[in-house]
Structures are given as structure tokens and as C-alpha cells.
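For reference, the structure discussed in these notes is given below.
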Amino acid sequence: MLHEYRDVITHMKQNDAANAHFLKIFDRHNDLDNQITKAENGDVPMTDLELEKLKKEKLLLKDEAYAMIIAYKKEHSL
């Protein structure tokens, strides 16, 4: 997720306990990514509607994480 901000994400993970919410979002996004991949590969049965719901949730989390990364980057002059 947001690989172009890998350095900022690493900084956030290492340097600020206040980023617990970001870490929760990050972990949930990765969990959803794994679930979606398994469903798309046919490893886990899932309806199209269920898959679409997971993808929408993943996108919302990505948008939220992106906003947090940009704010953190600006606040810390990264």
C-alpha cells in the first residue's frame, strides 16, 4: 500500500506511539488485500457482492491512510 511513501510509513511506525490508528488501518488494509487475493484466486469462496464490499473497504482505508501519511509528512517536514 502506497509504496511511494514507504520511507514515511517506516518513520511513522518507528517514531510515534500516537500513530496507533494508522497502524490499525495499515494492518486491516493488508488483511483485506490478502482476503481479496485469496478470493480472486479461488482459494476462498466468496460472492461478487462480498468481494466488492471488501474492495470498497480496502479503498476507504487506503484513502484514510494516505491522508494521514500526507499530514504526517507535512508535520514532520519529510
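Heads up: the sequence shown runs through residues 7 to 84, numbered per our numbering.
For each residue, glycine too, the CB sits at the ideal point set by N, CA and C.
Q: Take histidine 27 as the anchor and find which of Ser83, Asp54, Tyr78 has the nearest alpha-carbon.
A: Per the Cα distances, Tyr78.
Q) Quick one, which of Tyr72, Val50, Met52, Leu55 has its alpha-carbon nearest leucine 29's? A) Leucine 29 has its Cα closest to that of Tyr72, out of Tyr72, Val50, Met52, Leu55.
Q: Have a look at proline 51 and glutamate 70 and give me their C-alpha separation to the nearest angstrom.
A: Their backbone Cα atoms lie some 28 Å apart in a straight line.
Q. For glutamine 41, which of Leu55, Lys61, Ile31, Tyr11 has the nearest alpha-carbon?
A. When each option's Cα is compared against that of glutamine 41, the closest is Lys61.
Q: Classify threonine 43 as helix, strand or coil using the three-state DSSP reduction.
A: Here DSSP, grouped into helix, strand and coil, assigns threonine 43 to helix.
Q: With a 10 Å radius around its C-beta and 16 neighbouring C-beta atoms as the bar for buried, classify histidine 35 as buried or exposed.
A: A residue is called buried when at least 16 other Cβ atoms come within 10 angstroms of its Cβ; histidine 35 meets this threshold and is buried.
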